[in-house]
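Report on the following structure.
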Amino acid sequence: MRYEKETKPWTPKTSLGKKVMSGEITSIEEIFKKNYVIKESEIIDYLVPNIEDEIIFIGGMPGKGGGKKRTPLRITTRMHQSGRKRTLHALVAVGNKDGLVGIGYATGKDALSAITKATTQAKLKIIPIRRGCGSWECECRGAHSIPFKTQGKVGSVKVRLIPAPRGIELCVAPEIKKIIRLAGIRDLWTKSMGQTDTRINFVMANFNALKNLNKLKTTPESIKTTGMTEGPNKAVTRPEPAKEESEPKETSEPEKQSKEKETPKDTKKEEEEKTKKQDTKTDTKKEEKDTTKKEDTKPETKKEQKETAKTKKQEDKPTKETKKE
Ligand SMILES: [Zn+2]
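Residue numbering for the sequence shown follows my numbering, starting at -3 and increasing by one per position.
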């Protein structure tokens, strides 16, 4: 899915996409000012070329010495006539490390499809972030923290973000650090209450707190004292090298060469993605492994299935032990 999108040139469908393509809108700040609704993720790719994405770990499985070990995807199973069917849930954060952040949530039958869906959703829900120095201990008026305290809430989880002086760094839960870093904030204190073990609520409460920064009305004096800035500080340059790539494609001979060169790269990408999938699969429980094996042997009767499963289990166990030894 991912490599198809990269190879295909973007043809905008919405009116906003056409305006961006024609050059009427040249920056993402214009979109925020005029309150346009973004319905194509390619708009973000076009206007913010230096965007990065990161998977937030929301899954859990029992750890080695008790407690929970976090896994990238949450897996839920439901019973069906043909056996157990599972759905994968992914939560992805997107940002440019300079005042732009979005979070997306999606489900899928496959790890790759769930993650790609979540990244596109995250790009659609991107917001500008107010930064500044609201700490009375610092008063440097830089954009290293947030300009004032905020709160966010989802379900029972309440989160409070507090501006910190320079050098404190992020006093934040490890998974939330990914979001705060993508937002471009370097120093922050946080306080959380409620059931923070429900990861999706916890993450979205933090995102809501960042959203609520934009709701407060400000005066010119408050902007001066906190050094507040909204959105990206550095001017985002449009992707000019993309045009240079498109020009040689028009000629006939280099086109073939480039295609020939590109194909092995794509296969490499696919291989990498496959390996990623395998890694995620290995993280899942042993039971699910057995279910996949059962699905492979569908034509047999139920009794035979049970017998085969038992024999497979017996076969698997000694091999694993030998590997460990
Ligand atoms: Zn400061």
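Here a beta-carbon is modelled for each residue, glycine too, at the ideal position from N, C-alpha and C.
Reduced DSSP category for residue i - H, G, I as helix; E, B as strand; rest coil
i      : result
Ala238 : Only weak support exists for where Ala238 lies, its pLDDT of 46 falling under 50; the value from the coordinates is given anyway. DSSP places Ala238 in helix when its eight states are reduced to three.
Gly13  : helix
Leu108 : helix
Ser218 : helix
Glu171 : helix
His140 : coil
Thr103 : strand
Glu321 : With a pLDDT of only 45 at Glu321, under 50, the local geometry of the prediction cannot be trusted, and no value is derived from it.
Thr192 : coil
Lys113 : helix
Leu212 : coil
Ile123 : strand
Arg162 : coil
Ile181 : coil
Gly61  : coil
Range covered by the alpha helix (DSSP H) that runs through residue i
i      : result
Lys93  : Counting along the chain, Lys93 falls outside any alpha helix (DSSP H), and DSSP gives it neither H nor E.
Ile196 : Arg195 to Asn208
Short Cβ contact (8 Å threshold) for residue i with residue j
i      : j      : result
Leu166 : Ile142 : no
Asn208 : Val153 : no
Ala110 : Ala89  : no
Val180 : Asp94  : One detail in the question is off: residue 180 reads as Gly in this sequence, not Val. It is a contact, given that the beta carbons lie within the stated cut-off.
Thr83  : Thr72  : yes
Gly13  : Leu96  : no
Lys65  : Ile99  : no
Glu25  : Leu178 : no
Arg70  : Ile54  : yes
Thr186 : Val155 : yes
Ser37  : Thr103 : no
Val199 : Ile172 : yes
Val44  : Asn92  : yes
Ile126 : Met224 : For the record, residue 126 in the displayed sequence is Arg; it is not Ile. A contact, by the Cβ cut-off of 8 Å.
Ala351 : Gly148 : Nothing in the structure corresponds to residue 351, since the chain is present only between -3 and 321.
Lys15  : Ile21  : yes
Ala205 : Thr112 : no
N-terminal and C-terminal residue of the beta strand (DSSP E) that residue i is part of
i      : result
Met189 : Leu184 to Met189
Gln147 : Thr146 to Val150
Pro322 : Missing from the structure shown is residue 322; the chain here goes from -3 to 321 and no further.
Leu157 : Val153 to Pro159
Ile71  : Arg70 to His76
Arg66  : Lys64 to Thr67
Which listed residue (the options) has its alpha carbon closest to that of residue i
i      : options                          : result
Gly128 : Gly55, Leu184, Ile24 and Lys64   : Leu184
Ile39  : His76, Gly130 and Thr10          : Thr10
Ala139 : Leu69, Lys119, Thr222 and Pro58  : Thr222
Ile123 : Asn46, Thr7 and Phe203           : Phe203
Pro8   : Gln117, Lys35, Ile27 and Met75   : Lys35
Trp6   : Tyr32, Tyr42, Lys29 and Ser23    : Tyr42
Gly56  : Asp193, Met224 and Arg182        : Asp193
Gly130 : Ala205, Ile27, Asn229 and Ile219 : Ile219
Lys213 : Val16, Lys174, Phe144 and Ala201 : Phe144
Lys230 : Thr146, Tyr101, Asn46 and Met189 : Asn46
Arg162 : Leu108, Glu135, His76 and Gly62  : Glu135
Ile164 : Ile27, Pro170 and Glu133         : Glu133
Distance cut-off 7 Å: residue i Cβ against heavy atoms of ligand 3
i      : result
Pro143 : This structure lacks ligand 3; the ligands present are ligand 1.
Can you list, in chain order, the stretches of the alpha helix (DSSP H) that have 4 or more residues and sit fully within the stretch 17 to 50? 24 to 29 and 37 to 43
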